[in-house]
Amino acid sequence: MMKIHYTPRCRSVRSSVYGVGKSESVSVSCEIDASPSNVTFTWALNDEKVFVPDQYRTNLTRSVITVSPKDYGILTCWATNIVGRQKEPCTFRIFPAVSTIFLPGPPEEPGNCAITNNSTVHCIILECEGGHDGVCCSCSSLRCSGLTRISCWQT
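The opening residue of the sequence shown carries number 1 in full-length UniProt numbering; numbering runs sequentially from there.
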């Protein structure tokens with residue numbers, strides 16, 4: 001049997017959002033898929049602060065870092081194996097948890113989308129779980145004969 005080797009990549013969603021209270025710390029988990037699975041991790045905050053290995057825990061293809069309340073911004077995680085470094089980092093947006101629905105930056109992209117096609121009425125239905133946008137809604141889009149209807153609901 002032939003074994004294919006490849007660079008690491010994020011195992012699940014490549015980007016996640018964490019709202020953190022002023023006096024809280026948060027543990028962020030970075031899970032990757034790689035072959036071979038013997039990897040080393042690198043963590044950075046806002047492309048400036050690089051964390052040393054003593055600041056995070058690693059177990060095979062998973063690394064966990066605990067960031068303090070002052071570590072707001074974009075936290076990134078890369079893994080490297082003998083094939084090379086991960087092309088796109090896993091990203092985590094760390095922002096102050098406040099009572100408003102506004103986030104710093106654009107909302108997270110929707111996920112778990114499914115397309116269904118009803119051939120009897122020539123319609124396509126696209127349903128997705130909403131990304132974190134401060135409102136936490138899921139939406140569906142119905143497209144029939146050139147017309148599109150979008151419906152959203154609270155999740």
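By construction, the Cβ of each residue, glycine as well, lies at the ideal position given by its N, Cα and C atoms.
Since this is a predicted model, take the numbers as computed values, not measurements.
Helix, strand or coil, according to DSSP, for residue i in the structure here?
i	result
Asp33	strand
Pro96	strand
Pro89	coil
Arg9	strand
Gly21	coil
Val28	strand
Ile115	strand
Lys3	coil
Trp43	strand
Do you know how far the Cα of residue j is from the Cα of residue i?
i	j	result
Ile32	Lys70	26 Å
Val83	Arg9	12 Å
Ser37	Ser12	16 Å
Tyr6	Cys90	17 Å
Pro53	Ala44	11 Å
Arg93	Lys22	15 Å
Lys3	Ala34	12 Å
Ala114	Asp47	34 Å
Gln86	Ile125	34 Å
Cys30	Met1	30 Å
Phe95	Glu88	21 Å
Taking residue i as part of the beta strand (DSSP E), name the residues at either end of that continuous run.
i	result
Asn59	56–59
residue 232	Any property of residue 232 remains undetermined from this structure, which presents the chain solely from 1 to 155.
Ile74	73–80
Pro53	Counting along the chain, Pro53 falls outside any beta strand (DSSP E), and DSSP gives it neither H nor E.
Given a cut-off of 8 Å, decide if residue j and residue i are closer than it, judged by their beta-carbon atoms.
i	j	result
Ser25	Ser68	yes
Trp78	Thr42	yes
Leu75	Val28	yes
Ile65	Tyr72	no
Cys17	Ala97	In the sequence as presented, Cys is not what sits at residue 17; that position holds Val. Cβ atoms of Val17 and Ala97: not closer than 8 Å.
Using 8 Å for Cβ pairs, my map puts residue i next to residue j. What's the rounded Cβ distance?
i	j	result
Cys50	Asn81	Rather than Cys, the amino acid found at residue 50 in this sequence is Val. Their Cβ separation, rounded to whole angstroms, is 19 Å, which puts Val50 and Asn81 out of contact at 8 Å.
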